[in-house]
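Chemist: Residue numbers (mature numbering (1 follows the signal peptide of the UniProt record, and there is no 0)): -20 to -1, 1 to 116.
1) Taking only three categories from DSSP, how would you classify residue 88?
2) Hey, out of 61, 19, 35, 66, whose CA is closest to residue 41's CA?
3) Shortest alpha-carbon distance to residue 72 belongs to which of 64, 32, 81?
4) Contact between the region 24 to 38 and the region 81 to 101 is defined here as three or more beta-carbon pairs at a separation below 8 Å; is this criterion met?
5) Taking the alpha-carbon of residue 68 as reference, which of 27, 98, 24, 28 has the nearest alpha-carbon?
6) Compare the beta carbon distance of residue 54 and residue 45 with 8 Å and say whether it is the shorter of the two.
7) Pull up the CB-CB distance for residue 59 and residue 88, whole angstroms please, since I reckon it's below 8 Å.
8) Considering Cα atoms alone, identify which of 109, 27, 113, 30 is closest to residue 78.
9) If you check the beta carbons only, do residue 27 and residue 95 fall under 8 Å apart?
10) Our contact map puts residue 124 next to residue 57 with C-beta atoms below 8 Å; I'd like the distance itself, whole angstroms only.
11) On the three-state DSSP scale, how would you describe residue 26?
This is how it looks when you write it as structure tokens:
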């Protein structure tokens, strides 16, 4: 009986050590050292607003805390559960202004889109704030 208990403890300890070992196949996130995001609360548009192509609109937001990271406004859409950002509609934002103007492109697909305030780092759009609109 003592041999069985010893063996069971040995197996349990070994399994715990294996599970606690760091994975060798983890990929380091190249964006982990970038400044914190989610510092903006978009106040207009609100989710579900309908916008028309070829029209100038304003986007307004509140800055929630120190925020230097977001730089641009993108329009994106969901394609197979992945967002594609086909349009950069405003770049070099003054985040502290709380206001930006964009022109909705004439050639944009007339479907649900996301307005995204963020930046491009390492070849991908890093989202700070996202609001859904319907383009007609």
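We treat Cβ as the ideally placed atom computed from N, Cα and C, and that holds for glycine.
Since this is a predicted model, take the numbers as computed values, not measurements.
Modeler: A quick look at the data gives this:
1) Coil at residue 88, not helix or strand.
2) Ranking the options by Cα distance to residue 41, first place goes to 19.
3) Residue 72 has its Cα closest to that of 81, out of 64, 32, 81.
4) They touch, by the three-pair rule.
5) 98
6) Going by C-beta atoms, residue 54 is not nearer than 8 Å to residue 45.
7) The C-beta separation of residue 59 from residue 88 comes to about 14 Å, leaving the pair out of contact by the 8 Å criterion.
8) 109
9) no
10) Since the first and last residues shown for the chain are -20 and 116, residue 124 lies out of range.
11) coil
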